[in-house]
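Worksheet: the structure to be examined is printed underneath.
Protein chains: 2
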Amino acid sequence: MRRVSINPADPRSPAEQIADDLRTEITSGELPPGGRLPSERQLADRYRVSTTTAVRAMERLRDEGLIDSKAGAGRFVRRPRQLVRVGSDRYARWRRSAGKAPFQAEMEAAGVEWRQEVLELAEVPADEEVARWLAVEPGALVWVRRRRTWAEGEPTQLADSYYRLDVVADTTIMQEDTGPGGGHARLEEKGYRIIRFREEIRIRMPSNQESRDLHLAGGVPVAELYRVTYSTNDTVVEFFRSVMAGDRHVFSYEFEAPE
Amino acid sequence: MRRVSINPADPRSPAEQIADDLRTEITSGELPPGGRLPSERQLADRYRVSTTTAVRAMERLRDEGLIDSKAGAGRFVRRPRQLVRVGSDRYARWRRSAGKAPFQAEMEAAGVEWRQEVLELAEVPADEEVARWLAVEPGALVWVRRRRTWAEGEPTQLADSYYRLDVVADTTIMQEDTGPGGGHARLEEKGYRIIRFREEIRIRMPSNQESRDLHLAGGVPVAELYRVTYSTNDTVVEFFRSVMAGDRHVFSYEFEAPE
DNA sequence: CAGTGGTCTAGACCACTCA
DNA sequence: GAGTGGTCTAGACCACTGT
Numbered sequence: 017m018r019r020v021s022i023n024p025a026d027p028r029s030p031a032e033q034i035a036d037d038l039r040t041e042i043t044s045g046e047l048p049p050g051g052r053l054p055s056e057r058q059l060a061d062r063y064r065v066s067t068t069t070a071v072r073a074m075e076r077l078r079d080e081g082l083i084d085s086k087a088g089a090g091r092f093v094r095r096p097r098q099l100v101r102v103g104s105d106r107y108a109r110w111r112r113s114a115g116k117a118p119f120q121a122e123m124e125a126a127g128v129e130w131r132q133e134v135l136e137l138a139e140v141p142a143d144e145e146v147a148r149w150l151a152v153e154p155g156a157l158v159w160v161r162r163r164r165t166w167a168e169g170e171p172t173q174l175a176d177s178y179y180r181l182d183v184v185a186d187t188t189i190m191q192e193d194t195g196p197g198g199g200h201a202r203l204e205e206k207g208y209r210i211i212r213f214r215e216e217i218r219i220r221m222p223s224n225q226e227s228r229d230l231h232l233a234g235g236v237p238v239a240e241l242y243r244v245t246y247s248t249n250d251t252v253v254e255f256f257r258s259v260m261a262g263d264r265h266v267f268s269y270e271f272e273a274p275e
Numbered sequence: 017m018r019r020v021s022i023n024p025a026d027p028r029s030p031a032e033q034i035a036d037d038l039r040t041e042i043t044s045g046e047l048p049p050g051g052r053l054p055s056e057r058q059l060a061d062r063y064r065v066s067t068t069t070a071v072r073a074m075e076r077l078r079d080e081g082l083i084d085s086k087a088g089a090g091r092f093v094r095r096p097r098q099l100v101r102v103g104s105d106r107y108a109r110w111r112r113s114a115g116k117a118p119f120q121a122e123m124e125a126a127g128v129e130w131r132q133e134v135l136e137l138a139e140v141p142a143d144e145e146v147a148r149w150l151a152v153e154p155g156a157l158v159w160v161r162r163r164r165t166w167a168e169g170e171p172t173q174l175a176d177s178y179y180r181l182d183v184v185a186d187t188t189i190m191q192e193d194t195g196p197g198g199g200h201a202r203l204e205e206k207g208y209r210i211i212r213f214r215e216e217i218r219i220r221m222p223s224n225q226e227s228r229d230l231h232l233a234g235g236v237p238v239a240e241l242y243r244v245t246y247s248t249n250d251t252v253v254e255f256f257r258s259v260m261a262g263d264r265h266v267f268s269y270e271f272e273a274p275e
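Dropping the structure here:
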């Protein structure tokens with residue numbers, strides 16, 4: 017057994033020293049992606065610290081997103097994630113007329129195997145935020161499509177679309193399959209010309225529920241994306257709210273230099 | 017001393033039960049922002065668990081961004097953060113001609129007290145990424161402006177701008193103060209008409225160094241923003257790389273529906 | 001100076017994995 | 001069945017805070 021010593025003169029705490037050592041091994045490639053780290057007991061032994069301290073060192077790396085743990089099996093260097101690019105041309109009308117919904121277009125352009133799981137289709141009372149954007153009274157009934165999208169067999173996004181009831185009446189937006197081009201195409205067929213989008217992104221750590229639903233590893237943040245879809249006269253025809261796995265997305269925007 | 021019991025039949029672990037109780041007190045407002053949580057010993061006493069378990073419960077809340085700790089003083093409910101809006105019109109030419117750099121314009125529009133701290137102005141060898149974007153050989157010397165921006169007395173962003181040496185020669189981009197309109201205005205004066213921007217956002221947890229530099233509390237993610245500034249003929253005149261505090265920013269974009 | 005958070009010790013038990 | 005991660009106990013010492 018190789019022995020290494022904690023340096024008590026080092027201003028870094030023992031756990032931090034161990035974490036730094038392991039991090040170096042990982043970033044240098046000495047511990048390759050998928051590679052297994054020493055067990056808690058091995059590490060505690062090697063540095064002559066308690067197992068608790070060894071565990072705290074490795075929890076640090078987990079919180080940085082460098083390693084994953086599998087109970088009963090070990091801790092492993094995380095493999096770099098496949099990223100889904102979320103680009104600013106995803107709302108292009110030509111994509112819609114080609115029969116693609118925004119995210120579908122994105123995924124297929126990147127050659128990513130993709131599917132959508134519809135979690136809920138229902139009339140629900142509007143919460144504060146939904147009510148404000150859809151210009152209805154809080155508590156008024158609105159239509160919600162809740163779904164989870166998957167890419168390459170992994171969940172990537174929890175996406176909820178809200179609509180005023182009169183807007184989606186008699187459209188396939190109330191059904192599982194909205195048909196080619198997605199909800200936006202149906203809205204345009206009904207006469208709502210879509211002219212503008214506004215979106216906001218915030219970032220934060222996930223709740224426990226979100227962690228489970230998105231199969232997030234420890235230390236992976238999420239992006240909260242809000243989108244408001246405007247029709248003529250600034251009518252809001254859709255309010256979209258989604259939670260996206262932070263390690264599986266990159267947001268990409270392109271602008272002309274505006275005058 | 018109020019006593020509460022852990023329920024051993026509950027599938028949640030003791031630490032999780034305690035965290036859930038405290039979370040309820042916080043979100044219900046019973047424990048208001050700025051309010052102080054029970055100390056480790058008090059909490060351990062109240063639930064009849066070891067201090068370690070009480071600490072783990074509160075670490076959970078810290079990692080969710082709900083509480084802050086101050087050694088020697090206590091743990092406190094975090095106050096909601098002031099957000100800096102990062103909007104898609106920040107690169108507008110009219111702002112530049114009004115003498116505003118992109119982020120400066122953003123801050124001032126929101127009435128936020130703002131300043132920039134220049135950390136480094138130097139010739140440095142280009143790393144892989146910088147070289148690729150600026151179309152130079154890796155290792156070739158490029159100009160870097162490293163700075164930290166502050167809003168309302170708090171650091172918000174670590175921002176590095178990279179330029180080819182010939183592009184910035186004889187401009188104030190090599191000095192502390194770039195003058196009105198910022199670096200982009202100087203580039204245009206030198207004849208580089210700025211026509212397009214491309215930016216990418218990724219989200220992740222901060223490194224230790226970034227945590228310190230941005231005064232991040234536990235459990236606060238960061239956004240990594242890359243920006244490439246194009247001049248005519250798709251010449252790249254600037255590569256910008258920044259790390260932004262996740263709890264202090266909201267990204268906002270507006271698009272017309274492209275054809 | 002009493003109390004606090006931060007970190008540590010030296011174990012323990014459980015549910016799980018893998019050969 | 002040996003080894004593993006996850007979580008826990010019942011303390012301990014230190015540097016720091018606020019009165």
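The listed protein sequences derive, respectively, from chains A and B. For the first sequence, the tail end lands on 275 under the numbering used here, and the numbers increase by one without skipping. For the second sequence, the tail end lands on 275 under the numbering used here, and the numbers increase by one without skipping. Just so it is clear, CB atoms sit at the ideal spot from N, CA and C, and this is done for glycine as well. Just so we're clear, the structure is a prediction, and the values are computed from it rather than from any experiment.
| query | result |
| --- | --- |
| So, with DSSP's three-state summary, where would you put T68(A)? | helix |
| Does the beta carbon of R257(B) sit closer than 8 Å to a beta carbon anywhere in chain A? | no |
| Measuring alpha carbon to alpha carbon, tell me which residue in G207(A), L174(A), T68(A) and V266(A) is nearest T187(A). | G207(A) |
| At the 8 Å Cβ level, is D79(B) part of the contact set with chain A, yes or no? | yes |
| Taking buried to mean at least 16 other C-beta atoms within 10 Å of its own C-beta, is K12(A) buried or exposed? | Chain A is shown from 17 up to 275; residue 12(A) falls before or after that span and cannot be answered. |
| Ends of the alpha helix (DSSP H) at P30(B)? | P30 to S44 |
| With DSSP as the reference, identify every bridge partner of K206(B), one or two as the case may be. | None, per the DSSP bridge assignment. |
| At least one CB of chain A closer than 8 Å to the CB of G88(B): is that the case? | no |
| Going along chain A, which residues have a C-beta under 8 Å from P237(B)? | I219, R220, M221, P237 and G262 |
| Taking 8 Å as the threshold (C-beta atoms), are T248(B) and R202(B) in contact? | no |
| Using a C-beta to C-beta distance shorter than 8 Å, which residues of chain A count as neighbours of V266(B)? | E216, I217 and R218 |
| If you follow the alpha helix (DSSP H) that Y107(B) is in, where does it begin and where does it stop? | Careful: Y107(B) lies outside any alpha helix (DSSP H) and carries neither H nor E. |
| With DSSP as the reference, please indicate the residues paired to A167(B) in a beta bridge. | W130(B) and E170(B) |
| For T43(B), which of L181(B), T69(B), A121(B) and E80(B) has the nearest alpha-carbon? | E80(B) |
| Roughly how many angstroms separate the alpha carbons of E56(B) and T67(B), rounded to a whole number? | 6 Å |
| Under the assumption that W159(A) contacts V252(A) (Cβ atoms under 8 Å), give the Cβ distance between them as a whole number of angstroms. | That pair is no contact at about 14 Å. |
| Give me the subset of the segment 185-218 of chain B whose CB atoms are less than 8 Å from a CB atom of chain A, sorted by chain position. | I210, I211, R212, F213, R214, E215, E216, I217 and R218 |
| Could I get the ranges of all uninterrupted beta strand (DSSP E) runs contained in the segment 185-266 of chain B, with 3 residues as the minimum, in chain order? | 210-220, 238-247 and 252-261 |
| Tell me, which residues are paired with K86(A) by DSSP? | G90(A) |
| For R228(B) and G127(B), what's the separation of their Cα atoms in angstroms? | 26 Å |
| Compute the Euclidean distance between the alpha carbons of A175(A) and E75(A), then round it to the nearest angstrom. | 30 Å |
| Opposite A175(A) in the DSSP bridges: which residues? | R163(A) and S258(A) |
| For G88(B), is the classification buried or exposed, using 16 other Cβ atoms within 10 angstroms of its Cβ as the cut-off for buried? | exposed |
| Report yes if the C-beta distance between G262(B) and I219(A) is below 8 Å; otherwise report no. | yes |
| Between which two residues does the alpha helix (DSSP H) holding E277(B) run? | For residue 277(B) there is no data in the structure shown, the boundaries of chain B being 17 and 275. |
| Which residues bound the alpha helix (DSSP H) around A125(A)? | P118 to A125 |
| With a threshold of 7 Å, establish whether the CB of Q33(A) neighbours any heavy atom of the ligand FAD. | Although the ligand FAD was asked about, the structure shown includes no ligands whatsoever. |
| What did DSSP end up calling E80(B) once you bin it into helix, strand or coil? | coil |
| Measure the Cβ-Cβ separation of R212(B) and Y242(B) and say whether it is below 8 Å. | no |
| How should P49(B) be labelled, buried or exposed, when 16 other C-beta atoms within 10 angstroms of its C-beta is the threshold for buried? | exposed |
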